[in-house]
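Protein chains in written order, with my numbering: chain A, 1 to 427; chain B, 428 to 732. C-beta atoms are modelled at their ideal positions from N, C-alpha and C, and glycine is treated no differently. Values in this document were obtained by computation on a predicted structure and should not be read as measured data. Structure first, commentary second.
If you want it as structure tokens, here you go:
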């Protein structure tokens, strides 16, 4: 494809090709890879395919995640990101252009590795190779997404953002550490097949499919953040769709063969998955006073919906599912009710901290989380045992009256958040 | 000039709890050149960034060519160009590739992209440097490239934030000519600058911001504009010349200032010619006729007073 055609189709990809694929670099990559392979061959390494796999890991994960994050942070640092934000480009096109274009040099190296693969001795299965390639792209997408999320907290921060984004990208991309593959490792101990919504699947294709779907969600996430950067309202739809998908995915494992789990269990598990995602979103979404005011000043419900923070509808959904679990006669309804109360408490606490503290809010919230969920239970156990703990935390088989504790905490946190809002809301 | 091209209503913007723009509203006609003036921190850059869809205001609406910027930011981007107060160019790309990329991200097709890059380079005087990397250009030339990038897709509205800062006198003169030419070609332009004397050269409107609280729009050109002040240089008795000016309908508020005469006058070229011919017929020895300058500055300071 000629440069003008590609430029028309995806300007960002063509721009990256101009910058990344210079003649010198095009020559350097195969020469270096060839030298490494020749060296390994000369010292008598028997399984060169395995080493090519390591090379792919190095290129796509260690280096590629760095390049993916830098494709965004470098533009912010050089002042060119605001130019991109003024474009009329489709957000998904810009996201793909940045993801593939920013990492095109390591993919060029990966292409040389794939070309060499049939001609070197050793073993590497197709599934393993697919896992590395999909994992690499997933890791890069995750890295780019994290870099963009961190930009929302502090537009001037760069170095720390790139490193953190790279680490998250590596974790998300290494198949043995990624979410889908962790699941695969877990279920491997149960056998080679997996039950999901009553159907049987081979673990290999199942986890590979999950990896592909996860990659799709990463790409959607990046496109969603790009869309916001282009001036569109946030819109909670993409994260809500992701949360519903994850809830369905989690509950699918409750159906084994002909076994249909009771409603309180299904809704309870879905609520837990939703609550976990709401926590993740709550911590990774900046929420400023202006955002809250904008929401309140919005002229109609459609605008209000588009301005909602992404965690809010997911949290509401989790609360509704939790309430269904409680009301539909779950044996541990008081445990579920206490968990719901603490969920509301945590949301209110995060809002209060974000309003009252202007800097290092994430660090402060992490310290608070360690205190509340790490230190406090130990102290309570030491002082008064399970009886005292039940007044503060959701506890199995606790009497209903202990619900007063979590409910009081929720009310106190809501009052704190209200006070913080009145103090910070300004004119 | 035609109907309102830029419409801003009740715009409110806050940084944290600091209100940068408070209920700002104005209408600008198509084909106008608006000088956006105000002291540092008045909210000029914030207003331009809101107009460009780079910042989302707390409340209010912005329409450009009938497009709601907040609802359809990408469509609005096809109609506007924004030259920001820093050099937003890709240093490692050549001038040609910078301009091709600028045209491509606004959705131009491949043939239009080539034509747009050539046109934009010519407009800012960079035609002879198309294959030079942006990073190798001088500050002034990089500024020109940034402007060329902003207008490569021939936007109907051009926003310029301090375009003359850091430019030498020759480059500033070139910039003034460029703005006049773009305006003649039908482009509506908003220019933010501290250098009021330069804005005066080409502005038809003045929009002043004060602490972001309100926007005052004044018409500088056209029929609605207040007439500018002119100075007539003389040899001989100024009282004779003053008498010669009486009875001319285009001239008003004439007075003797330091041996010369100052008066309000529309100053169109043909009217100037008729005025000079009239005075010479009366035997007045004219040495010079020129605007007193500082019209915009006086208007701005007058508003402040």
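Beta-carbon within less than 7 Å of residue i's beta-carbon, same chain only, minus the 5 sequence neighbours each way: which residues are those?
i                     : result
residue 228 (chain A) : 234
residue 179 (chain A) : At residue 179 (chain A) the pLDDT is 48, less than 50, meaning the model places this residue with poor confidence; the figure from the coordinates comes in the next sentence. Hits under 7 Å: 214.
residue 625 (chain B) : 591, 599 and 603
residue 407 (chain B) : Outside the shown range of chain B (428 to 732) lies residue 407 (chain B), about which nothing can therefore be said.
residue 168 (chain A) : 142, 143 and 146
residue 152 (chain A) : 286
residue 447 (chain B) : 440, 441, 470, 473 and 639
residue 354 (chain A) : 287 and 361
residue 566 (chain B) : 593
residue 431 (chain B) : 454, 455 and 456
residue 732 (chain B) : In this predicted model, residue 732 (chain B) has a pLDDT of only 38, less than 50, meaning its place in the structure is not dependable; the value taken from the coordinates is given anyway. So no residue of the chain qualifies.
Please name the residue, chosen from the options, that lies closest to residue i on a Cα-to-Cα basis.
i                     : options                       : result
residue 93 (chain A)  : A:384, A:39 and A:219         : A:219
residue 537 (chain B) : A:192, A:33 and A:10          : A:10
residue 619 (chain B) : B:562, B:630 and B:553        : B:630
residue 672 (chain B) : B:662, B:690 and B:656        : B:690
residue 424 (chain A) : B:693, B:444, B:696 and B:606 : B:444
residue 608 (chain B) : B:578, B:634 and B:623        : B:578
residue 476 (chain B) : B:439, B:696 and B:466        : B:439
residue 553 (chain B) : B:575, B:534 and B:535        : B:575
residue 678 (chain B) : B:656, B:686 and B:663        : B:656
residue 492 (chain B) : B:434, B:547, B:548 and B:515 : B:434
residue 478 (chain B) : B:708, B:663, B:571 and B:588 : B:588
residue 261 (chain A) : A:380, A:198, A:311 and A:39  : A:198
residue 136 (chain A) : A:174, A:101 and A:162        : A:174
residue 114 (chain A) : A:60, A:89, A:208 and A:326   : A:60
residue 71 (chain A)  : A:277, A:166, A:343 and A:341 : A:166
residue 514 (chain B) : A:315, A:82 and A:57          : A:82
residue 280 (chain A) : A:343, A:298, A:205 and A:297 : A:343
residue 404 (chain A) : A:314, A:371, A:340 and A:117 : A:340
residue 614 (chain B) : B:466, B:665, B:562 and B:583 : B:583
residue 512 (chain A) : B:499, B:616, B:695 and B:466 : The structure shown does not extend to residue 512 (chain A), since chain A spans only 1 to 427, so no value can be given for it.
residue 49 (chain A)  : A:55, A:34 and A:122          : A:122
residue 601 (chain B) : B:628, B:616, B:533 and B:465 : B:628
residue 666 (chain B) : B:711, B:707, B:641 and B:674 : B:711
residue 436 (chain A) : A:373, A:257 and A:19         : A question about residue 436 (chain A) goes unanswered here, because the residues of chain A that appear run from 1 up to 427.
Near residue i, which residues of its chain fall below 6 Å by C-beta distance, leaving aside the five closest residues on each side in sequence?
i                     : result
residue 251 (chain A) : 266, 269 and 270
residue 430 (chain A) : Shown here, chain A extends from 1 to 427; a query on residue 430 (chain A) therefore has no answer.
residue 149 (chain A) : 284
residue 540 (chain B) : 527, 530 and 531
residue 176 (chain A) : With a pLDDT of 49 at residue 176 (chain A), under the threshold of 50, the modelled position of that residue is not reliable, and the figure given next carries that caveat. Excluding residues within five positions, none has a Cβ falling inside 6 Å.
residue 309 (chain A) : 285 and 287
residue 328 (chain A) : 263 and 264
residue 709 (chain B) : 671
For the putative contact between residue i and residue j, defined by C-beta atoms under 8 Å, what is the C-beta separation to the nearest angstrom?
i                     : j                     : result
residue 338 (chain A) : residue 394 (chain A) : 4 Å
residue 543 (chain B) : residue 580 (chain B) : 6 Å
residue 636 (chain B) : residue 723 (chain B) : Their Cβ separation, rounded to whole angstroms, is 15 Å, which puts residue 636 (chain B) and residue 723 (chain B) out of contact at 8 Å.
residue 365 (chain A) : residue 350 (chain A) : 6 Å
residue 416 (chain A) : residue 352 (chain A) : 5 Å
residue 623 (chain B) : residue 634 (chain B) : That pair is no contact at about 13 Å.
residue 56 (chain A)  : residue 132 (chain A) : 5 Å
residue 715 (chain B) : residue 674 (chain B) : Not a contact, Cβ separation roughly 22 Å.
Give every residue of the same chain whose Cβ lies closer than 8 Å to the Cβ of residue i, excluding the five residues on either side of it in the sequence, and list them in chain order.
i                     : result
residue 238 (chain A) : 220, 221, 224 and 310
residue 410 (chain A) : 341, 342, 344, 345 and 348
residue 422 (chain A) : none
residue 698 (chain B) : 677 and 692
residue 162 (chain A) : 66, 69, 70, 73 and 147
Item checked: Inter-stretch contact at 8 Å, needing at least 3 Cβ pairs: the region 318-330 of chain A / the region 265-272 of chain A -> Between the region 318-330 of chain A and the region 265-272 of chain A, the count of Cβ pairs shorter than 8 Å is three or higher; the stretches touch.
Margin query: Pairs of beta-carbons, one from the region 391-399 of chain A and one from the region 445-457 of chain B, closer than 8 Å: are there three or more?
Written below: no
Contact the region 511-526 of chain B vs the region 556-564 of chain B: 3+ CB pairs below 8 Å
Result yes; three or more Cβ-Cβ pairs closer than 8 Å.
Whole beta strand (DSSP E) elements within the region 568-602 of chain B, 3-residue minimum = 584-588
Is the region 501-509 of chain B close to the region 58-78 of chain A, with three or more CB pairs under 8 Å?
no
- Run through the region 654-732 of chain B for me and flag every whole beta strand (DSSP E) of 3 or more residues, listed as ranges in chain order. 655-662, 679-684, 687-692 and 712-718
Between the region 302-317 of chain A and the region 358-370 of chain A, can you find at least three pairs of beta-carbon atoms closer than 8 Å? Two segments are said to touch when three or more pairs of C-beta atoms, one from each, lie closer than 8 Å; by this definition the region 358-370 of chain A does not touch the region 302-317 of chain A.
Point to revise | the region 457-468 of chain B contacting the region 479-488 of chain B, beta-carbon criterion three pairs below 8 Å | key: no
Practice problem: Identify every run of the alpha helix (DSSP H) within the region 446-490 of chain B, keeping only runs that are complete inside it and at least 4 residues long; order them along the chain. | Solution: 471-478
Checklist entry - Curious, which full-length beta strand (DSSP E) runs of at least 3 residues does the region 71-135 of chain A contain? => result none
>> Quick check: the region 22-42 of chain A against the region 107-115 of chain A, are at least 3 beta-carbon pairs closer than 8 Å?
In response: yes
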